[in-house]
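Single-structure report; data block below.
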Amino acid sequence: MTIPARSSFWDLIIGDPGPNNLFAGAVYDRGATTPHVLRLTIGDAFFPLLRRWATTYRGDNVTTDQLIAMAEDISGQDLDELFDVWLFTPTSRHGPSSTRRCHPGTDSRWCCRIAG
């Protein structure tokens, strides 16, 4: 699926969509894309993150802040900007301006470059 950067699809703040937009398509589509972007950003640290997350919080109610803290701890990266763009701001301000193959010729992974 390709959504133009200026589409209203990007205007919704999916981390807090409000009651009228809780089940909007953007919440599901962008929400599902966020872990994928996290995986591309932190690489192989994503898999220990999943294991520790499941072990630590099994059966608990958790927050996005807890996920961010654990992902930063395991990856050693500051991930605030990633989550701000994908969950807490109307992304059209940043615009997913282009996609490119991360490693041409080696696999089918794609990157999304966010224009700042």
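In the numbering used here, the protein residues as written are 1 to 116.
Just so you know, even glycine gets a beta-carbon here, dropped at the ideal spot from N, CA and C.
All figures in this text were calculated on a predicted structure; none of them were measured in a lab.
Residue i, enclosing alpha helix (DSSP H) - first and last residue
i: I42; result: G25 to I42
i: L170; result: Residue 170 lies beyond the residue range present for the chain, which begins at 1 and ends at 116; the question has no answer from this structure.
i: H75; result: The residue asked about is misnamed: residue 75 is Ser in this sequence, not His. S75 -> alpha helix (DSSP H) spans T64 to S75.
i: D80; result: D80 to F83
Buried versus exposed, by CB contacts within 10 Å (16 or more), residue i
i: R30; result: buried
i: R69; result: The sequence as given places Ala at residue 69; Arg does not occur at that position. Classification of A69: exposed, given that the 10 Å Cβ count is below 16.
i: A32; result: exposed
Residue i versus residue j - alpha carbon distance
i: T99; j: S75; result: In this predicted model, T99 has a pLDDT of only 40, less than 50, meaning its place in the structure is not dependable; the value taken from the coordinates is given anyway. When rounded, the distance between both Cα atoms is 24 angstroms.
i: A24; j: L82; result: 21 angstroms
i: T55; j: P48; result: 10 angstroms
i: G95; j: R6; result: Confidence is the limiting factor: at G95 the pLDDT is only 45, short of 50, which leaves the residue's position unreliable and the question unanswerable from this model.
i: F9; j: L22; result: 14 angstroms
i: D16; j: Q66; result: 16 angstroms
i: L119; j: R52; result: Residue 119 lies beyond the residue range present for the chain, which begins at 1 and ends at 116; the question has no answer from this structure.
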